[in-house]
Structures are given as structure tokens and as C-alpha cells.
Amino acid sequence: MILCAGESLIDMVPQADAWRALPGGAVYNTAIALGRMGVDTGYLWPISRDGFGQALLRPLAAAGVDTGLCPRSDRLTTLAFVTLAGGEARYCFYDEGTAGRMFAPEDLPQIPDTVSALFVGGISLVPDPCGAAVEALVERLHGRIPVMLDPNIRPFFIADEAAYRARLDRLIAMADLVKLSGDDLEWLMPGASFEEAAAAILSRGPRVVFQTGGQAGARAHWSGAPLAAPALRVQVADTIGAGDTFNAGVLAALDRAGLLTRQGLDRLTPQALVQALALGTRAAAITVSRPGADPPWADELDALPG
């Protein structure tokens, strides 16, 4: 089972003169996407007992995602108010004192041996105590199972830049797979090219750095020559959840190829990485073609031409 540990929240998306409440959160979206692709998936994050918490649980259940590790909380659900400019999403978070924000290392459950890979990222890495909880989980598991990290950096959410950079530095050193967007790179290593940034990250221990670029497609930087997959051309509704869905496609492809294990990562091939990039970009194309974070189901992916 692939365990996704990180934030869930409610995206408040503008619609005419009102707001539409949609379940979301970077790591939550990846868990939903994996479940919809038919991958054995678990989710770990505190879920509020408020009405929004129930709204978060329903899509997880529909996608077949195991929520048995999720603590229930009387604290409120995080809200993210979304503004759209040219289809690009920008966020304003209401997060103080929420169920997820107050998740602490001592609240971590025992992780069963059935968990075979871990995915972390998003705003859950930024504040404490929840950031410390995610880091503690990675520390506990990274020696046994592969870890994928997508920092999904939101600069306006970062109150202590030095502390956050230090945490990312520690997490990158424990990760096997790292995904970065152009915005992530601009904040993380200003002035560096993606090739320079990827080389620096690979030198810390990760096996692959995945680069996403919207309409430019995606690339994989690893020990061999960089590999690429083009983006599918679609009518973009918005970009909410695009990178999260890409992550799910990569994880699903590697899992199906039997490579998402400690030993499997030693057998990575160009063909396997190209297939991972292809599934990630195809899945993301469907997500951006409809409003909000609405990842595709397996049959939708199967129906895509080519």
C-alpha cells in the first residue's frame, strides 16, 4: 500500500458571485488520484468531525482509499480560498489551530508492514507541529520503504524561511523521488537552471528528480540522460490539483512495474521512467480539463487516445 501523509482541506473556489466548497489539499489529491487509478492506497492526516471533515472522507471512500490511520479531531478543517488568474490558481489559507495544523509527532500511529511506499509534501511540511510530525514519519520509514517528496512550495505560507529550508534539506536527503515545478525551483534555488538544481538534489541521495512544466510537459533527471514526456493538449479549466495528479501517475506506474521498492529503485530503466512520466502527464491533462481537483478514474485514462 502507498501511504500518502499530508494536508487535506477545503478549496473554496470562486463560482459566479459565490464560493464552491471542494475537497482538496495537495497530498489528499494525490491519495484520491491513486485510489481512482486502482492503486492500493492509504491516507494519514487528522480529519475534523465538522461537516467539512465528512466532505473530505466521502471522496476517499469512493476512491477506495484506506483512512484507518486517520485520527479524528474536534478541531476545524483548514480552508483555502482560491483565486484564478488565467487558469492559474493562487491560494489564501485559513489554517491556525486546525485539525491538520495541530498534528504532532506524538500523534503518529503505528504504521503497518503493509505500507510499501510513502508520499509526503505540500503545506503540511511548513508549520509546526504538523511539519515536525511529517518529518518524524519520514525519519521512521525511509530506511525501509521508498519516499516521494513534492514540496509544492507556497512562499506566502512560509513564516520562518530558514527553518523551512532546513526541513526541506533534511527531507530531500531522506527522499528517493523528488518532484519540483518551475515555481518550486525559483524559490528553492534562485538563478539555477533545472539541470543544475537536479544535479544538486541527486547528489544528496534521491534517485530521480521529476520536473513539471505545464504545457511544456515533464522531465525526469536521474543517473542517466534526462528523459521527457510531452503534455497532452487540452482545454484548461484550471490547474488545481495538476501536480498532485502527476505525482499519483508516477507512483502508480512505478508500482505497477514492480519498481516502487528499495530493490526496485536499483533497477530503474529509461523505459520505466518514460512510462511514469507519460502516465503522470496524461492523468494531469484530465485534471486540468475540469474545474477543481478532480483526478481521473482508471477507465478515463484507458479511454485516452494513444
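So for the sequence shown, my numbering puts the first residue at 5; every next one is plus one.
In this text, a Cβ means the ideal position worked out from N, Cα and C, and glycines have one as well.
When the Cα of residue i is compared with those of the options, which residue comes out closest?
| i | options | result |
| --- | --- | --- |
| F97 | N33, A121, I162, A89 | I162 |
| T81 | A65, G101, G68 | G101 |
| A222 | A37, R105, L263, G284 | G284 |
| A59 | S12, G104, I115 | S12 |
| G72 | Y47, L272, L189 | Y47 |
| S120 | W226, S293, T291, A256 | A256 |
| S293 | Q239, T265, R266 | Q239 |
| D78 | V17, A66, A65, D54 | D54 |
| L64 | G247, I176, L7 | L7 |
| L141 | F250, R148, L112 | L112 |
| L189 | A235, S207, R158 | R158 |
| M5 | D70, R148, Q279 | D70 |
| G126 | N251, L269, P194, Q279 | N251 |
| P234 | Q279, P194, A179, D270 | Q279 |
Look at the alpha carbon of residue i and the alpha carbon of residue j, and state the distance between them as a whole number of angstroms.
| i | j | result |
| --- | --- | --- |
| K183 | R260 | 19 angstroms |
| Q275 | S128 | 33 angstroms |
| A196 | G209 | 19 angstroms |
| Y32 | H146 | 20 angstroms |
| A103 | I51 | 7 angstroms |
| Y23 | Y95 | Inspection of the sequence shows that residue 23 is occupied by Trp rather than by Tyr. Roughly 13 angstroms separates the two Cα atoms. |
| Y168 | R174 | 10 angstroms |
| D187 | L281 | 19 angstroms |
| R144 | I205 | 21 angstroms |
| Q267 | A203 | 23 angstroms |
| A166 | V130 | 11 angstroms |
| G57 | T249 | 22 angstroms |
| V290 | D99 | First, the residue type needs correcting, since residue 290 is Ile and not Val in the sequence shown. Approximately 29 angstroms between the Cα atoms of the pair. |
| L122 | V86 | 28 angstroms |
| L88 | L277 | 32 angstroms |
| G247 | L231 | 18 angstroms |
| R148 | L258 | 17 angstroms |
| S207 | W226 | 10 angstroms |
| I176 | A25 | 33 angstroms |
| Q114 | L236 | 41 angstroms |
Just to confirm, is the Cβ distance from residue i to residue j under 9 angstroms?
| i | j | result |
| --- | --- | --- |
| L61 | I14 | no |
| W191 | F107 | no |
| T45 | G68 | yes |
| I244 | A297 | yes |
| V213 | A224 | yes |
| L172 | R211 | no |
| V124 | P295 | no |
| V138 | A37 | no |
| R105 | P75 | no |
| P150 | L305 | no |
| P109 | A66 | no |
Quick one: using the 10 Å Cβ neighbour count with 16 as the cut-off for buried, is residue i buried or exposed?
| i | result |
| --- | --- |
| T34 | buried |
| L308 | exposed |
| Q19 | exposed |
| A229 | exposed |
| E199 | exposed |
| G262 | exposed |
| F160 | exposed |
| G253 | buried |
| P27 | buried |
| G217 | exposed |
| A201 | buried |
| D242 | buried |
| Q215 | buried |
| A170 | exposed |
What do you reckon, is the C-beta of residue i under 8 angstroms from a heavy atom of the ligand GTP?
| i | result |
| --- | --- |
| L181 | Here there are no bound small molecules, and the ligand GTP is not part of this structure. |
- prompt: Is the segment 35-46 in contact with the segment 141-157, if contact means three or more CB pairs nearer than 8 angstroms?
  reply: no
field: Touching by the beta-carbon criterion (3+ pairs, under 8 angstroms), the segment 297-309 and the segment 171-190
entry: no
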